[in-house]
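Q: Same order as they appear, the protein sequences are chains A and B.
The first sequence lines up with residues 162 to 366 when you count with the numbering used here.
The second sequence lines up with residues 162 to 366 when you count with the numbering used here.
Cβ atoms here follow ideal geometry from the backbone N, Cα and C, with glycine treated the same way.
Number of protein chains: 2
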Amino acid sequence: MNILSKHIEAAVEQVGSLPGIGKKTALRLVLHLLRRKPEDVEKFSVAISRMKENVRLCSVCHNLTDHEICGICSSPYRDKTQICVVADIRDVMALEATEQFKGLYHVLGGVISPLDGVGPAELEISSLIDRVSRENTKEVIMALTPSMEGDTTAFYIYRKLEPSGVNISMLARGVAVGGELEHTDEVTLGRSVLQRTPYTPSLIK
Amino acid sequence: MNILSKHIEAAVEQVGSLPGIGKKTALRLVLHLLRRKPEDVEKFSVAISRMKENVRLCSVCHNLTDHEICGICSSPYRDKTQICVVADIRDVMALEATEQFKGLYHVLGGVISPLDGVGPAELEISSLIDRVSRENTKEVIMALTPSMEGDTTAFYIYRKLEPSGVNISMLARGVAVGGELEHTDEVTLGRSVLQRTPYTPSLIK
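(1) Who are glycine 264(B)'s beta bridge partners in DSSP?
(2) So with CB distances below 7 Å, who are the chain A contacts of lysine 167(B)?
(3) Please go through the region 285-312 of chain A and give each complete alpha helix (DSSP H) segment of 4 or more residues, from N-terminal end onward.
(4) Using a Cβ-Cβ distance cut-off of 8 Å, determine whether glutamate 283(A) contacts chain B.
(5) What's the C-alpha gap between serine 150(B) and leucine 256(B)?
(6) Starting from serine 206(A), trace the alpha helix (DSSP H) in both directions and tell me its first and last residue.
(7) Taking glutamine 111(A) as the query, report the chain B residues whose CB atoms sit under 9 Å from its CB, ordered along the chain.
(8) Could you confirm whether any beta carbon from chain B is found closer than 8 Å to the beta carbon of serine 131(A)?
(9) Taking 8 Å as the CB-CB limit, is serine 206(B) close to chain A?
(10) Name, please, each residue of chain D whose Cβ falls closer than 8 Å to the Cβ of cysteine 231(A).
(11) Return the CA-CA distance between leucine 218(A) and histidine 344(B), expressed in angstroms with no decimal places.
(12) Helix, strand or coil for threonine 358(B)? Go by DSSP, reduced to three states.
(13) With isoleucine 169(A) as the anchor, note down where its alpha helix (DSSP H) starts and where it stops.
(14) Evaluate contact between the region 196-211 of chain A and the region 342-362 of chain A, counting only Cβ atoms and requiring at least three cross-stretch pairs below 8 Å.
(15) What first and last residue would you give for the alpha helix (DSSP H) that runs through isoleucine 329(A)?
(16) Which residues of chain A have a Cβ atom closer than 8 Å to the Cβ of isoleucine 302(B), listed in chain order?
(17) Answer yes or no: do valine 268(A) and glutamate 310(A) have a C-beta to C-beta separation smaller than 8 Å?
(18) Thinking C-alpha only, which one of Val327(A), Arg197(A), Ala333(A) and Arg251(A) is nearest lysine 184(B)?
(19) For histidine 193(B), would you say it is in contact with chain A, using Cβ-to-Cβ distances shorter than 8 Å as the test?
(20) Could you give the DSSP three-state label for leucine 225(B): helix, strand or coil?
(21) Identify the continuous alpha helix (DSSP H) that holds threonine 259(B) and give its terminal residues.
(22) Label asparagine 224(B) either buried or exposed according to how many other C-beta atoms from any shown protein chain fall within 10 Å of its C-beta, with 16 as the threshold for buried.
(23) Could you spell out where the alpha helix (DSSP H) holding leucine 190(A) opens and where it closes?
(24) Does DSSP put serine 325(A) in a helix, in a strand, or in coil?
(25) Using 10 angstroms around the beta-carbon of valine 173(B), count the other beta-carbons present and answer buried if the total reaches 16, otherwise exposed.
(26) For proline 180(B), tell me which candidate among Gly351(A), Pro362(A) and His193(A) has the shortest Cα-Cα distance.
(27) Could you have a look at valine 348(B) and say whether DSSP puts it in helix, strand or coil?
(28) Do we get a CB-CB distance below 8 Å when we pair valine 216(B) with the residues of chain A?
(29) Please list, in chain order, the chain A residues whose beta carbon lies closer than 8 Å to that of glutamine 175(B).
(30) What did DSSP end up calling serine 274(A) once you bin it into helix, strand or coil?
(31) Which value, in whole angstroms, describes the spacing of the CA atoms of phenylalanine 205(A) and leucine 190(A)?
(32) What would DSSP say about leucine 342(B), mapped onto helix, strand or coil?
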């Protein structure tokens, strides 16, 4: 691409370095920003630097927060005896959106994946074990993606937590609500038969 | 979405305000930036503010540039007797990428589109007429999108330039190179028969 302005080229390069954004899209976004009012563009770039400067990880659950301890860990309304283990902050958001879980979280920062060079030491696993032994935890809920890596990570944590005697549970696996049986994959459908649950009309409505 | 950090929320809102980027993608991009080194994020936001501060329109052709006059207008290697009229700076880039045109450009900043409230006065049309009468222009090439709006704009400019006696040409319309005849739309295919050109082996190779 032949861009006549060094400044536009620099901006396109930066925007194009974001995942899933190619050179053409980057140029389109940059030209869009160029058409905006200067104060709006300033707002845009300030929001991004300010975020990087101020956001940190909660010292308890490793969720992202503006403070030392995140809003969930410091809330008096959450059940501190339950810890839900997730891989990523986006999983926290997804679970919070359901409004069905009132306990605390623990964000691992990924899952064990030897191919990507991620072992247990790279994840917040030992801090989870510490937390469970130190706090009055009654239940640890594994909310990891049902993949090879997610399952491996869950199993690793399970083995580490077993001696503590804490209850360990996992997200239910089965047919998705609204999903069609014929399009559900065999493994999921098979599991949903094996792990069938008592018929509960209130959950179906 | 329940985001625990006001700073992340502000950044997601800004990124999500870009065209074609929804809330979920914005969050993904922001979380990606969060994982980068602080100096890289600084580079990102500085590139964008610096671009907005420094980039302006070339006072001759209204192309984007870092200087008073753009690199094409100020180049001694360009043919100053030809002006190629385009709607947008991206059209300049597309034409420059072909390396087939060595004249100057004139960026209108859009096309006449009454539905969007864009009339001739909103575009750089009078500055084009001025330029043609003032400079030693021999040919004006209309390189506008072959749409209702593009054609209307070209015709408007044609009528304004006609008295000056300058040569007015337009981009060739026809079958796209590499395109299949059966998939070419009727209007284009019809035009390509009516406006057939002498067989030139060198253009086909």
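A: Walking through what the data contain:
(1) According to DSSP, which records beta bridges pairwise, glycine 264(B) is partnered with Asp240(B).
(2) What lysine 167(B) touches in chain A: Asp227.
(3) Within the region 285-312 of chain A, the complete alpha helix (DSSP H) segments at least 4 residues long are 287-295, listed from N- to C-terminus.
(4) Proximity of glutamate 283(A) to chain B, defined by a Cβ-Cβ separation below 8 Å, is not satisfied.
(5) Because chain B here runs from 162 to 366, residue 150(B) falls outside it and cannot be looked at.
(6) 199-215
(7) Coverage of chain A is limited to positions 162 through 366, which leaves residue 111(A) absent and any answer about it impossible.
(8) Residue 131(A) is absent from the structure shown; chain A starts at 162 and stops at 366.
(9) yes
(10) No chain D appears in this structure, whose protein chains are A and B.
(11) 55 Å
(12) coil
(13) Where isoleucine 169(A) is concerned, the enclosing alpha helix (DSSP H) stretches over 167-177.
(14) no
(15) Segment 328-331 is the beta strand (DSSP E) holding isoleucine 329(A); no alpha helix (DSSP H) there.
(16) For isoleucine 302(B), no chain A residue has a Cβ inside 8 Å of its Cβ, as the nearest lies near 18 Å away.
(17) no
(18) Arg251(A)
(19) yes
(20) strand
(21) 250-259
(22) buried
(23) 184-196
(24) helix
(25) buried
(26) His193(A)
(27) helix
(28) yes
(29) Lys204, Phe205, Ala208 and Ile209
(30) strand
(31) 12 Å
(32) helix
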